[in-house]
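These notes concern the structure reproduced below.
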Amino acid sequence: MKLKLLVLIFVAPLSAFAQQAHTPESLVKSLSLSAHVPDELLALRSVVLFDEAITPKELEETQKAFQQTGIDAVSYFESNRVLAGADPQQAFARYLNIRNISFIILFSKRSSYALTFFRFNGKGNLSDPGAPGWQQNHASLKELLLMVFRFAVSNQKKHNLLINDFPETGNTFKYFDGRRSEVYTALVKSFKVAVPSMGNEKDDAQLEQILKTHFPLKYELVNADIPESELEAKGFKTIIRFMHTTGAIAREILEYDLSKTGNVLSSAAIVNNEAQLKTIPANTIIYKFYVKQLEFGNLFLGNVWDADTDWQQALTNHLYHMRQQLNY
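Position 100, counted from 1, in the sequence shown is what our numbering calls 100; the numbers after and before it change by one each time, with no gaps.
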């Protein structure tokens, strides 16, 4: 089944900028926050990534305030749908380049509201480590938006004049280039598989142990920054990827039959080297692993839903079932 074509525009691939997948928290942590309002914030276009806790009414209030301030937020996306893994993140970066977006605004709601502004670097990692960012926090959304207004207009001239009255939340983009199949690929038996490192020694040690136990084939841990085109040139045919978002959103992005996605999802978990059904609420954050064919971008999801709440168990689930089906 061909994945739905959501953006009919062809641009240069961003595979040259493949990166470890971000979360809103890791993006903020990577920034060098200061009191300086980003240059040209009131002259160039922005997109907003918002927490699922943010209500439509709060989005409308925010867009109205941005309009008065001169912040041209042309589109709003739920963070869990964009920062859901390395592949969705790279697709989002392509979308931002198509739309000529210069700034990303992270809109979070925990014990207080927070707006974090930073310049999009045009690449798949969205922002370079240590890049400047500007963040404002307040328990009241109204007061937060007033703070942003006062700081912004006192530092910059307003150039953005034609700004949407309401938040544009209906935009979509193409997540994947290839086909998706609910099977496993025998390519993993014939060619060395690329496995992106997790980015820290402790997790990489756990990753190596899981691979040694459940994946007795040729593989290599690779730096997450290495371009997929470079991996191809080195002879890799496939790479192991994962989604990290709610189960419901992961199934939607990966184009599973949504009529079979209820409030609770049954996952084929491996416990004591045996498969057992495990029920996980659909709105719980999970990991879902899959194998991606580098040349064509095809996704091999496996013949069972094997997601889990921690990456170690989710990877174990996927590798176990793949080994059973491919007989190695």
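Every residue gets a Cβ at the ideal spot worked out from N, C-alpha and C, and that includes glycine.
In three-state terms, what does DSSP make of residue i?
| i | result |
| --- | --- |
| GLN324 | helix |
| SER140 | coil |
| ARG179 | strand |
| GLU201 | helix |
| HIS159 | coil |
| VAL271 | strand |
| ARG94 | helix |
| ALA53 | coil |
| TRP134 | strand |
| THR316 | helix |
| GLU78 | strand |
| ARG220 | Per the sequence shown, residue 220 should be read as Glu rather than Arg. GLU220 falls in the strand class under three-state DSSP. |
| LEU299 | strand |
| ILE253 | helix |
Going by the beta-carbon positions, is the gap between residue i and residue j smaller than 9 angstroms?
| i | j | result |
| --- | --- | --- |
| TYR113 | SER140 | yes |
| VAL193 | PHE236 | yes |
| PHE149 | GLY133 | no |
| ALA35 | GLY85 | no |
| ARG45 | ILE101 | yes |
| THR245 | ILE286 | yes |
| GLN156 | VAL37 | yes |
| ILE105 | ILE71 | yes |
| LEU254 | LEU217 | no |
| LEU146 | ALA65 | yes |
| GLN325 | ASN303 | yes |
Here's the rule: buried if 16 or more other CB atoms are within 10 angstroms of the residue's CB, otherwise exposed. What is residue i?
| i | result |
| --- | --- |
| ILE361 | No information on residue 361 is available, as it lies outside the stretch 1 to 328 that the chain covers here. |
| PRO167 | buried |
| GLU228 | buried |
| LEU27 | buried |
| MET322 | buried |
| GLN68 | exposed |
| ASP331 | Absent from the model: residue 331. The displayed extent of the chain is 1 to 328, so no value can be given. |
| ALA269 | buried |
| ALA18 | Residue placement at ALA18 is poorly supported in this model, since its pLDDT is 42, which falls under 50; the coordinates still yield a value, given next. The residue in question, ALA18, is buried, as its Cβ has 16 or more Cβ neighbours within 10 Å. |
| THR62 | buried |
Counting only the same chain and skipping the five closest in sequence on each side, list residues whose C-beta sits under 7 angstroms from that of residue i.
| i | result |
| --- | --- |
| GLU58 | LEU141 |
| GLU52 | GLU78 and ASN80 |
| LYS329 | Residue 329 lies beyond the range of the chain shown here (1 to 328); nothing can be said about it. |
| TYR256 | none |
| ALA248 | THR261, ALA282 and ASN283 |
Identify, in the order they occur along the chain, each residue of the same chain with its Cβ nearer than 8 angstroms to the Cβ of residue i, setting aside the five sequence neighbours on each side.
| i | result |
| --- | --- |
| GLU208 | LEU221 |
| LEU258 | ARG251 and GLU252 |
Could you tell me whether the Cβ of residue i comes closer than 9 angstroms to any Cβ of chain B?
| i | result |
| --- | --- |
| TYR290 | In the displayed structure, chain B is absent; only one protein chain is listed. |
Sorted by chain position, which residues of the same chain lie with C-beta nearer than 6 angstroms to residue i's C-beta, five sequence neighbours on each side aside?
| i | result |
| --- | --- |
| PHE215 | LEU319 |
| GLY130 | SER32 |
ask   = Okay, do the stretch 284-301 and the stretch 241-254 touch, 3+ Cβ pairs below 8 angstroms being the bar?
value = yes
ask   = Would you call the stretch 122-140 and the stretch 85-99 touching, i.e. three or more CB-CB distances under 8 angstroms?
value = yes
Inter-stretch contact (C-beta, 8 angstroms, three-pair minimum) for the stretch 296-311 and the stretch 262-270 = yes
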